[in-house]
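Inspection log for the structure reproduced underneath, given as structure tokens.
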Amino acid sequence: SPMTVLVTGGAGYVGSHCVAELLDRGAKVIVLDNLRQGHRAAVPAEAAFVEADLADTDALKRVFAEWRFDAVFHFAALSLVGESMRDPHLYLHGNTVNSLNLIRATVEAGVRKMVFSSTANLFGTPERLPIDEDTAIDPGSPYGESKFFIERALHWADRCHGLRSACLRYFNAAGAHPNGLLGEDHHPETHLIPLVLDAAAGKRSHIEIFGDDYPTPDGTCVRDYIHVCDLADAHLRVVDVLETRSVRYNLGNGTGYSVRQVIEAVERVTGLKVPVKVGPRRAGDPAVLIASSERIRTELGWNPRFPDLDSIIGGAWAWRSRNPNGYRGPAVAQAAE
Ligand code: UFG
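The sequence shown begins at 3 in the UniProt record's numbering and counts up by one.
The following block contains the structure:
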């Protein structure tokens, strides 16, 4: 029989791409999302949808009473490094309490598998590159710390209750689903690639580079951009491993691009000029984050299908051009070929 999966945050950016992957592989999917960042329109009709917040323990009880899950995929969280530096309590309290509620409900329902959306921000300013799973954890922000708390809670849920978990530390999720139906749409948008695309399209006057005095080749921050569908693929691959043990994997392409290189790539892909201004550093930003994903490559045969930055940006540009108002407005009719 097909696997039944609860996906918290399944209406959000990474969550919705994983829901699509689960449905493609024949799973039955129940999405739980408070729609604070998520979009109802990002959840396909084939998935059941529950609008609820993880702070609402009664709603959680009802969901676990209504369905019998084989696994829980947990994406729902606040996820902005900069915001967490301004309001640490919001992150340290909100992300952890909500996740503890979910972990307790999962254990009580006798569900044995959880796949958890963790982050490269666990590694703060790493001592060596690329960042593998043995790199010392020293979160770069309250956001990263909240994800580390949750990884620890999952460690004890395994030790004490046998709840197996996969902690997947994403580097910079980017791109859009090749089916053209899903993409990145945050309110407000703070992520580099969608903002640079909007500057190229003239929807913003310019892109501001947050600091060009970092110890990197061109002075701007270096990040490892990983296609959101490659992240989704990793989530599906770890489920079988959870039959026997818990795992932690870092997920990136293993290649870093500076902010200036991303801007150049957008100009190349779109053929448009991007106006740039250099501003001050953003609090909490490490200079360089590049993943080593050797462990998941060797153990599970995971291999990014879309590692090329220009094609990641091309997919994001296609979705944003067709959906200038994201999920909120009508899609632009595609020109006849
Ligand atoms: N940046 C700019 N100008 C902008 C926006 C971003 O220069 O207008 C720079 C940032 O300073 C950073 C880079 O572009 O150096 C990427 O910034 P994003 O905000 O797109 O992504 P982050 O690297 O800050 O954070 C992302 C996720 C986090 C996750 C982190 C892990 O949003 O959830 O990756 O690497 F923790």
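Cβ coordinates follow ideal geometry from the N, Cα and C atoms, glycine included.
- The C-alpha of Ala-159 is placed about 6 angstroms away from the C-alpha of Leu-165.
- At a Cβ-Cβ threshold of 9 angstroms, Ala-54 and Val-65 count as neighbours.
- Thr-59 is classed as exposed because its beta carbon has fewer than 16 other beta carbons within 10 Å across all chains shown.
- In the three-state DSSP reduction, Met-5 falls in the coil class, being neither helix nor strand.
- Using a 10 angstroms sphere on the CB of Ala-333, the tally of other CB atoms stays under 16, which defines it as exposed.
- When DSSP states are grouped into helix, strand and coil, Thr-121 belongs to the strand group.
- Counting the other Cβ atoms within 10 Å of the Cβ of Pro-141 gives 16 or more, which makes it buried.
- Annotated as proximal: Val-230 and Glu-186, with beta-carbon spacing under 9 angstroms.
- The beta carbon of Leu-156 sits closer than 8 angstroms to the beta carbons of Ile-105, Met-116, Phe-118, Leu-165, Ser-167, Cys-169 and Ser-248 from its chain, once the five residues preceding and following it are set aside; these are given in chain order.
- Between Tyr-259 and the set Arg-239, Leu-194, Asn-252 and Ala-236, the nearest pair of CA atoms involves Leu-194.
- CA-CA distance, Ile-32 to Trp-69, rounds to 9 angstroms.
- In the same chain as Asn-181, and ignoring 5 residues on each side of it, the C-beta atoms closer than 8 angstroms to its own belong to Ala-22, in chain order.
- Residue nearest to Tyr-227 within the set Gly-177, Gly-96 and Ser-3 is Gly-177 (criterion: CA-CA distance).
- Runs of the alpha helix (DSSP H) spanning 4 or more residues and lying entirely within the segment 128 to 210 occur at 144 to 163 and 194 to 202, in chain order.
- For Ala-107, the uninterrupted alpha helix (DSSP H) segment begins and ends at 90 to 110.
- For the set Pro-219, Cys-162 and Gly-273, the Cα lying nearest the Cα of Ala-201 is the one of Gly-273.
- Residue environment: Arg-225 is assigned as buried (16 or more neighbouring CB atoms within 10 Å of its CB, all protein chains considered).
- Counting along the chain, Glu-48 sits inside no alpha helix (DSSP H), nor does DSSP assign it H or E at all.
- Cβ neighbours of Asn-103 within its own chain (closer than 8 angstroms, five residues either side excluded): Leu-56, Ala-57, Thr-59 and Leu-62.
- For His-189, the Cβ stays outside the 8 angstroms cut-off from all heavy atoms of the ligand UFG.
- Every alpha helix (DSSP H) of 4 residues or more that sits fully in the segment 199 to 285 is shown, in chain order, as 230 to 243 and 261 to 272.
- Asn-174 has its CB nearer than 8 angstroms to a heavy atom of the ligand UFG.
- DSSP places His-76 in the uninterrupted beta strand (DSSP E) bounded by 73 to 76.
- Here Pro-4 is exposed. Its C-beta has fewer than 16 other C-beta atoms within 10 Å.
- Buried is the label assigned to Pro-144, since at least 16 other Cβ atoms lie within 10 Å of its Cβ.
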